[in-house]
Each structure stands twice: as structure tokens, then as C-alpha cells.
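Worksheet for the structure shown next.
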Amino acid sequence: MRLERRSHVPLALAATTPLAAVAAALVLAGAFIALAGVSPLTAYAEMLRGALGSRLSLTEMLTRATPLMLTGLAAAVAFRARVWNIGAEGQFYAGALLAAWAGHSLLAGWPAPLAIALLMLGGMVAGALLLLGPLALRLGFGVDEVVTTLLLNFVVVLFVGLMIEGPLKDPMAFGWPQSVPVPGDLRLPDLVPRSRLHVGLLVALAAAAVVWLINARTVWGREMKAAGLSPRAAAFAGVSLPRTLVGVALLSGGLAGLAGAVEVLGSTGYVTTTLSPGFGYAGIVVAMLAALHPAGVVAAAVFVATIFVGADAMSRATGVPSFIADVIMALALLSMLVALLFTTHRIAR
Amino acid sequence: MTPVLELEAITKRFGPLLANDGISLSLGEGEVLALLGENGAGKTTLMNILFGHYRPDSGEVRVMGRPLLPGRPRAALAAGVGMVHQHFTLAGNLSVLENVMIGSEPLLRFRSRRAEARARLLSLAERFGLPVTPEARVGDLSVGERQRVEILKALYRQARILILDEPTAVLARPEAERLFETLRGMAREGLSVIFISHKLHEVMAASDRVVVLRAGRMVAERATRDTTPAELAELMVGSRVVRPRRDRRASGDVVLEAQAVTLREGETTRLDCIDFTLRAGEILGIVGVSGNGQAALGRLLSGLARPTEGRLLLDGQDLSALGPRTLGRAGLGRIPEDRHAEGVIGDLPVWENATLERLREPAFSSGGFVRRGAARTHAQSLIERFDIRGATPDTRTRLLSGGNMQKLILGRVLASGPRVIVANQPTRGLDEGAIASVHARLLEARAQGAAVLLISEELEEAVGLSDRLQAIVKGRLSAPIAAEEADARRLGLMMAGVWDAQNAA
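Chain order of the listed sequences is A and B.
Final position of the first sequence in our numbering is 349; the numbers increase by one with none missing.
Final position of the second sequence in our numbering is 1505; the numbers increase by one with none missing.
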């Protein structure tokens, strides 16, 4: 079997690719569910019910999708310019830590709208700065940013652990390692009353719209894409690679940091080392499933959140371990990579 | 002569395109056959079918009278067919010996027989006059040396029939001549060779027989000694193509000037104290064997490198500090050496490639937002003005042929009315028709008063277009001579680094 490049990618094909990949992943994961002794159809039905079946489950799913949209956008923005930011997890924690710290110490007592805006901005700055280091190492010395961003994740999580066991530790938390909570008036308002869903969802949706606008319509967005597709040709056309990539890093790191700040301000109010169940890494899956398109990121984040929230409910109802969610995720990523190959190539006769 | 290879009525379609239409040909033992045709005539498709990369829609390939299984490169290899691709298929991080051995050893043998392989490689190298160092890393070799490795790889697998796809596209003239000597030597040893080319002088110099393809059809077959370049050109193109000639005209004031410019990158001196002046309405040709600093000169004049010492002046203004875009605004248009790697971004649409370097100008953006309408209109006007075939503003640029891609680049340069044009290898890899049109455009720009710096490894092109010529050798530039004084001997000496030709003679 040989592959040849398609002369053009039909729009219908590009749109159905992620769906096909997801279907393939569900079929493959079904085999594992069957191995656990449960009918895959029953399991998936439970999963859907658990994620979408009631007001509570639906809002819970969207609460989970909110940070995924932001980390997904962070990965999509970076990958489009061939900046391999695997550090969204660390940037998420950097943003979360800054928002939690500044929220209870620096900005307590400030007018709420201003303080919330500043806290979110601060989270973005923290995330952006964290990615700037690896990028500077790449531009200056050719250090592979996959390695540096990935390893920084562990550094940042350990640093968060240090802070919440030490200077930021909440004395009122019965010895639990968590930071002092942000005052209630600086928290993000609820979007749906009597649920955990907060206006962070709107922030994430707005971020997706802004990223789309930047990508598709601005000079900067087109230059980021050109720099990703062909650094040499972009440089020949006068696109400054260092400047463009620094911009990419600020945007990507900023989005991941914003995810952390929004999670603290919207969901928990404080930071712990288990604040993220891997939002940063799942963001990579989200971005790939979305084929790096901002609108796709929103849809893919909802899908991933459905699987994770649904898997918990399914696990309670059927006894299949909820780890199946990770299996589905991994299979979806692999099938998407194969599917992407088939959108740009076809089998040669 | 007994035919070692026969192709019978090969037909291959790609969608609506008929790439090969019932082509039959045969190859004798010890024969060098040239397959001549323009880009897109179906030469490469035919050879890929022969080698098993593609499966023909109908027709048959026979080696030594036995039909070859279609679509199986392994079958072709086993039958003694070796192919040297235009873009080499070597692993840069392995040694020459390892590259040659790869794929020819059983996978499950515990240790490889390096010593034996090395001896065999060296004996082949000696027999066919292809000197190599088995331990050298392929990534460190020049293109000419890599090609030698590719040929040896085929011979090592006991190829009796060697196919070379545009073997000279990446070589400079002297290297190409050496290659053809080697091919003749191999033919004398009983090997049969097919080489693909669109260059007439090569075909005349190196082949026994010529098969001409045009638009997927075989249009003629000639014994090389019974034909002429003129006849072949006509057969190939279907009508007479003449490259435009330069008319005599007075040139104007000095526009671009290099004063004792040196360019060092790390430890290497790429350009060594070069001087030139370029006047309005003239073409200055920089000739030389590839790898003597042409790329560095191109980078310097494209705003991608700054002189380490010396000055570059445009209308008396120092432009050493300018980057690609500011150079463009100062009236300098650039045609890059490698259009695929630098000239265009294949995955972007035509309109973006037409405007990328001017995207920050008010004509194409306002307030940071791209004026897509204006950019598309501009692209459409380039397509019409410069006859870019098969393109709309939204076509992915990758889909254009080499010639049309070059028209896009040329159009984008000329549309802004530059006063200086730096053209680095502007016709490399193009067919006769496209070459003629690029030449016509450059001469037209010259007639309108533009100053053109032409960096070319094609002597014929440089001499035909330039008013004055300078040779580049090891980063140094000779004094200019007028094109009228450029005879083969004088140019040869210049390119060998002997500047004071009068005294030497």
C-alpha cells in the first residue's frame, strides 16, 4: 500500500474526519469494555446519560470542558506555528498559583470586576512567562522545547506543592495542603444557578473566537502560520521568526495560564497540586482532535469532557473502571492522527 | 543488439490527466538512451512505472524478455533495474558504506558483513571510476558525491539497467560532464542506461539514442548522431522556441554598489572582499561553479545576512542594515535560489504567497487586519498579467508547476516596479518554454530601466542575458568583463579563478 498526496482536501472530508476518528476510537474501546464483561452499548449509554442526561450532569460536563477549551487553544496556537508546547500543564498551574496568591493577598478588597480582570490577566502573564524561557532557549541555542516544556511541568507542580505546604498554606483547612481561598466576591459568578458552572465558560468561548480572528484575519496570524509551514520561506519574505515565535509563546502560554486562573476563580477558589486532572495534557488531545481549528477546539473539549464525566457515572453504574476514559482519549488521539493522514493523502493505486 | 528492456504500450492516467499514452520503447545492452521532454511530458511517470513505483493502467514491462510484476519496486530491483532519483534517497546521518548496504542484507542475520561489503564497494568504485570514501558521513558530502553514492548503491545491488531521473538538475556543468563520462564507461562495461533530461546539450553529448516525449505521447525516436539540437528542441516543444536575445543599449547611473564586502559566518568566510557596481538598465551576470559563494551573495542581497565588513550601497545609501521587507520598500526585488524552500510556501494559497512579503504595507492590511479582498485582487491581476496557468487566488501554491510558480515569484517582484532585481538561479529546473518566458521578463525589466543582478550557474543563460560578467570563485569576485569579450576560453579561466586572463595568455 502506498500513499499519495491529495491535490486538494474536500471540505466535507475535513469536517467528517474527527467524527470518523472518534467513532473508530469508541469501537476500539468497546472491545476493552467488553473484556471487562459489560456490553459496550450499555456502557456508552450510561456514559452519555452521566454526562448529558440531567441538568446537573450537563453543567458538570461544561464545567470540565471550560479549562479544556483554553488548554486546547493553547496547544492549537502553538502547534500551528510548529512550537511544540507540551507545557500547558505547568502553565496552567503557574496561572492558577498566581491567581490564588494575588486573589487572597494582593487584590482582596478591590472592586470585583477590576480585580477579577486583573487576576485573569495575571494568570495569563504567569503562563506566558513560563513558556518564554523554553522558547528563548530554542531560539538562542536550539534546545528542543518538547523536552524543556515537558520537564518544566513537574518543576511547576512541585513548586505549587512547596507553596501550599509553606507560605500559602491555608491554616483553616484542617491540615490539607491547599492555598488560602480567594475571597468570595472575587470569584467568577455562576452561569447557571445551583450548579458549579461559572462564567469561565463564556471566557473560554470568547477566547476561541479571538484566536479564530487572530489566526484567520490578522497579519500576525498569517505570519504565525507561514512561520510554522516554512520557516525559511517566511524569513525570506521578511517575517521575523524570533518576533513571531515570541508572540506565539505569549499567546499559547497565556491561554494555558488563563485556564489555571479561571479554574481557581471559577471552580475551587484555591490551588492544590490536584487542581488539574491533566488538563494541560488533555489539551493536546483536544487540539489534535480539532485539527488545530479554534471552533473545533470547542467541540473537541466538549467531547473530551463528556468522556471523562460520563466515564465516572458509567463506572458507578456498571463497574467498568473509569480509567477507560483515558483509554478512549488515547485511542481517539491515535485514530485522529491516522485520519489526518488520510485527509491529506489517499491510497495510491 | 538484444533488448534487455522493453516497455510495451504503457498507459497511465491520473484523474483527467493522461500522463502516459501507449508508450513503447526498448533498450539494448550497453546502450545509453536519453528520455527527452519538457516538465510534465510524462518522463518521470514512465520511469516510475518501469521501476514499480506506479502500476500502469495497461501495458507491460519486460526485462530480459521476462514480464516484470507491476507496482513492485522489489521485483524491479531483483530483475536488475536500479533507479537514481532526482531527489536522493540517502540517510544523511549514516556513512557511505551503510547507505549502500541498507536493504541489501537479510534482516535476521546476526552481524553484518561490513568488511566484505566494503571491499565490494571499493572494487565497484574503481571499476566504474566513482571514487568514494566508505566511512564518510553522507550528510557531509556534496551533491555530486551523493549522486555517486546513489549510483554505487544501484550497482552494488547488481543493477544491469540504470535509470537516472534528471541526474544533472543538481549538478554544476563540470560535475555533469564527469557524470556522463562515467555513464559512457558503464555502457562500455555492458550496462544499459536510461537518463531523463530536458537539456539538449546533455542529450547530444551523452546518449546513443533519444526518445522524445511530449504531453504523455512518444513523438519521436532518433539515433543521436542523426539528429540536431534544433530538431530535438522542435520535437520536444512542438513548435520552435527561441530564447529572447538581448539588444544593445546604453546603461544608466550606478544603482547598486558593493564596496569590499566580506561576509563571514562562524569560522567560514563566505564572501571575501567583493566589489561590483550595477547600473540602471543593465544585467550583470555572476557566473561560477556551484558552491563558490552564490548562496551567500544571494542571502546578502536578500536582506538575510549582513556584511561583516565593507558596504552595500543602493543609490549611495548604505543598505547593510536593511531586512527583507525594508529592502523591498527601498526598491529591491528578490528572486530566491530555491523556489520551493524560500520562494513560496506550498501549503498556502496563491494570494498569500503573492502578498506575504508586503502584508504589512497599507495596501494589504489596515490596523493589523489583512485586507483579503485587496490581496486576492492583487493575486488575480498577477495571474492575468504574468500568465500563471492553472492558478486562482485560492489555489494551493503546491499545485502549480515549477514554471508557473516561478512566474508567480517573478510577477510578485515585478509588480512593485523594482529598480534593482536580484535573480538567483532564476531558471533552475525549468523547461525551455518557461526559461524563455523568464528571460523575456528579465530583459523587459532591463529595457524599462531596472538593474538586474543575475546569479547563474548556466553559462549559456548568463552570457545570453548579461551586459557584463563577473566570475565568483571561492567567495571572491573577478573584475567584470563585457559580454562581447566573453569567449569560452576566457570564461573558463575566470571560473577557474584566473582573473588576469590577458597576462596569463
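Beta carbons: idealized from backbone N, C-alpha and C, even for Gly.
Here the structure is a predicted model, which is why all the values come from computation and not from measurement.
A distance below 6 Å between beta-carbons, with the five flanking residues on each side excluded, links A:L98 to the following residues of its chain, in chain order: G122, G123 and A126. The Cβ neighbour count for A:S267, taken over all protein chains shown within 10 Å, is at least 16; the residue is labelled buried.
Here the alpha carbon of B:R1225 sits roughly 20 Å from the alpha carbon of B:T1182.
By the neighbour-count criterion, in which a residue is buried when 16 or more other Cβ atoms sit within 10 angstroms of its Cβ, A:A36 is exposed. Counting the other CB atoms within 10 Å of its CB gives B:R1389 a total below 16, which places it among the exposed residues. One alpha carbon belongs to A:F159, the other to A:G109, and they sit about 27 Å apart.
Given a length threshold of 4 residues, each whole run of the alpha helix (DSSP H) inside the segment 1230-1312 of chain B is given here in chain order: 1294-1301.
Taking 7 Å as the cut-off between beta carbons, the residues of the segment 1348-1359 of chain B near chain A are L1348, E1352, L1356, E1357 and L1359, in sequence order. Interface flag for A:V219 against chain B is set, since a Cβ pair is found closer than 8 Å. B:E1432: member of the alpha helix (DSSP H) spanning E1432 to A1447, first to last residue. Boundaries of the beta strand (DSSP E) around B:P1003: P1003 to F1014. Of all residues in the segment 229-259 of chain A, the ones placed with a Cβ closer than 8 Å to any Cβ belonging to chain B are L229, S230, R232, A233, A234, A235, F236, A237, G238, V239 and S240, in chain order. The shortest CA-to-CA distance from B:G1475 to any of B:R1371, B:L1312, B:G1288 and B:L1319 is the one to B:G1288. In this structure A:P242 is exposed. Its beta-carbon is surrounded by fewer than 16 other beta-carbon atoms within 10 angstroms. Collapsing the DSSP output to three states places B:G1028 in a strand. The Cβ atoms of B:V1210 and B:V1203 sit closer than 8 Å to each other.
With a cutoff of 8 Å on beta-carbon distance, B:A1220 and B:A1041 are scored as not near each other. Comparing alpha-carbon positions, the option among B:G1429, B:F1276 and B:V1261 lying closest to B:H1198 turns out to be B:G1429. Per the C-alpha coordinates, the member of A:V211, A:V210, A:D190 and A:R194 positioned closest to A:L201 is A:D190.
For A:Q91, the enclosing alpha helix (DSSP H) starts and ends at A88 to W101. Excluding sequence positions up to five before and after A:A311, its CB lies within less than 7 Å of the CB of M47, S322, I324 and A325, all in the same chain and listed in chain order. Fully contained in the segment 10-61 of chain A are the following alpha helix (DSSP H) runs of length 4 or more, in chain order: 11-35 and 40-52.
B:D1387 carries a coil assignment under DSSP once its states are collapsed to helix, strand and coil. Under the Cβ criterion of 8 Å, B:S1024 is not counted among the residues facing chain A. B:L1263 and A:F236 have their C-alpha atoms some 18 Å from each other. Fully enclosed alpha helix (DSSP H) runs of no fewer than 4 residues occupy 1143-1156 of the segment 1135-1169 of chain B, in order along the chain. Under DSSP, A:D190 takes part in a beta bridge, and its partners are A:H198. Ranking A:A256, A:G221 and A:F303 by CA distance to the CA of A:L19 puts A:F303 first. The C-beta of B:H1201 has fewer than 16 other C-beta atoms within 10 Å across all chains shown, which makes the residue exposed. By the Cβ neighbour-count rule, B:D1165 is buried, with 16 or more other Cβ atoms within 10 Å of its own. A straight line joining the alpha-carbon of B:A1479 with that of B:I1286 spans about 11 Å. As the crow flies, the alpha-carbon of A:A88 is around 27 Å from that of A:R232. Assignment of B:E1337 by DSSP, reduced to helix, strand and coil, places it in the coil class.
Note: B:Q1317 is bridge-paired with B:L1314 in the DSSP secondary-structure output.
Under the three-state reduction of DSSP output, A:K225 falls in the helix class. With contacts defined as CB atoms closer than 8 Å, A:I164 and A:T59 fail to qualify as a contacting pair.
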